[in-house]
Amino acid sequence: MAEVLVLVELNPADGTVRKGTLEALTAARALGEVSAVVAGGPGVAAGARDALAEYGASKVYVAESPEIDEYLVAPKAEVLAQLVAQVSPAAVVIPSSPEGREVAGRLALKTGSGFLTDVTEIAADGTATQVVFAGAQIVHSKVTTGTPIYTLRGNSVAPEPAPAAGEQVPVEVTLSEQAKLTRVVDKVVEQKSNRPELTEAAIVVSGGRGVASAENFSIIEGLADSLGAAVGASRAAVDSGFYPHSFQVGQTGKTVSPQLYIAVGISGAIQHRAGMQTSKTIVAVNKDPEAPIFELADFGVVGDLFQVAPQATELIRARRG
1 MAEVLVLVEL NPADGTVRKG TLEALTAARA LGEVSAVVAG GPGVAAGARD ALAEYGASKV
61 YVAESPEIDE YLVAPKAEVL AQLVAQVSPA AVVIPSSPEG REVAGRLALK TGSGFLTDVT
121 EIAADGTATQ VVFAGAQIVH SKVTTGTPIY TLRGNSVAPE PAPAAGEQVP VEVTLSEQAK
181 LTRVVDKVVE QKSNRPELTE AAIVVSGGRG VASAENFSII EGLADSLGAA VGASRAAVDS
241 GFYPHSFQVG QTGKTVSPQL YIAVGISGAI QHRAGMQTSK TIVAVNKDPE APIFELADFG
301 VVGDLFQVAP QATELIRARR G
């Protein structure tokens, strides 16, 4: 069976495997036997092997060197390029994070390969599904040159365990001078709340311009916390200073595809819809019955968010005991 490489992304705080990697391991199994690639500083793979094996990694290639963490992105692309040359995999699958997309682009150039980004599904014959033109079209694409490289959009595939050997294979790290042009001089781990990561969350509650102020976003946070959800915001909300830009959902923000997306006080402009319309179930709350978001929603509530959201929060908390 052909070998498929999956680049592993770890949580910087504790070294655990990120959900996007488990999704990539699951999707990659359609193409062949999965091998995970862990690249980072000394000891980076210590806490990851068991989880990778549980989700289908027959091999775990471990490339550990201080230089990988000392320089920005390029070393990981070189490690992958060296592995592609050595093992001739059927494909390479990478989580579609900001770093993942950059690594994939560099890898495509280094290997002379075709590259499909932000795919939502990979078929056994290598055909990938993508949502394009701000979500208006679904296309099916296939790489015809080199080793196919895919980045997988978060929450597109449900992670499914498939226990495998997880044989650890050390990889010698040899970096070119080109990979050392941008040095990392400092790293700061952002303080996280207890809420799930926006792009990985199964439930997302987002607020828009209708929330009216930064103080009122506590209503959105309360509803999200009652559901164990992540908090998002529309471009209008972040541009108005209601919530940080890092939580923006949309064409110029983050793309999410949760099981449940609740849009509160969001009109549903195409810019926002492009970032969330692949959500499995969409619920909209807006006082304007003509708001475009209702065209997309599976369930809609026409009403004042300042009444609807707190009541929903109270009922959810009561039901959860």
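Numbering of the sequence shown is given in my numbering, commencing with residue 1 and proceeding in unit increments. Each residue gets a CB set at the ideal place from its N, CA and C atoms; glycine is no exception.
- In the DSSP secondary-structure assignment, E64 is bridged to G40.
- Note: H140 is bridge-paired with T129 in the DSSP secondary-structure output.
- A233 has its alpha-carbon roughly 8 Å from the corresponding atom of H245.
- Taking the CA atoms as reference points, S141 sits about 14 Å from L152.
- With respect to the 7 Å criterion, V204 and A229 are classified as neighbours on the basis of their beta carbons.
- Take the alpha-carbon of L181 and the one of A108: they are about 19 Å apart.
- Sequence-distant Cβ neighbours of K76 in its own chain, meaning closer than 6 Å and more than five residues away, are A39, V103.
- In the DSSP annotation of this structure, the continuous segment of the alpha helix (DSSP H) that includes I270 starts and ends at 270-273.
- Around L31, the same chain offers V4, A90, A91 as residues with beta carbons nearer than 6 Å, after the five sequence neighbours per side are excluded.
- For G207, there is no enclosing alpha helix (DSSP H); the enclosing beta strand (DSSP E) covers residues 203-207.
- As the crow flies, the alpha-carbon of A53 is around 19 Å from that of L80.
- Taking each of S96, R319, V8 in turn and checking the Cα distance to G56, the smallest one comes out for V8.
- Contact annotation, A309 with I219: C-beta distance approximately 5 Å; criterion of less than 8 Å satisfied.
- For L83 and V6, the gap between their C-alpha atoms comes out near 11 Å.
- When DSSP reads this structure, Y150 sits in a beta bridge with V93, L116.
- Cβ neighbours of R317 within its own chain (closer than 8 Å, five residues either side excluded): S226.
- Excluding its 5 nearest sequence neighbours in each direction, D304 has C-beta neighbours in its own chain below 7 Å: K287, listed in chain order.
- Less than 7 Å divides the Cβ of D298 from the Cβ of T281.
- Contact annotation: I293 and I266 have beta-carbon atoms nearer than 7 Å.
- Boundaries of the beta strand (DSSP E) around F299: 299-302.
- The region 159-174 and the region 126-136 do not touch, with fewer than 3 CB-CB distances between them shorter than 8 Å.
- Around the beta carbon of E78, 16 or more other beta carbons sit within 10 angstroms, so the residue counts as buried.
- Residue state for A158 is assigned as coil, using DSSP reduced to three classes.
- DSSP lists V302 as the bridge partner or partners of N286.
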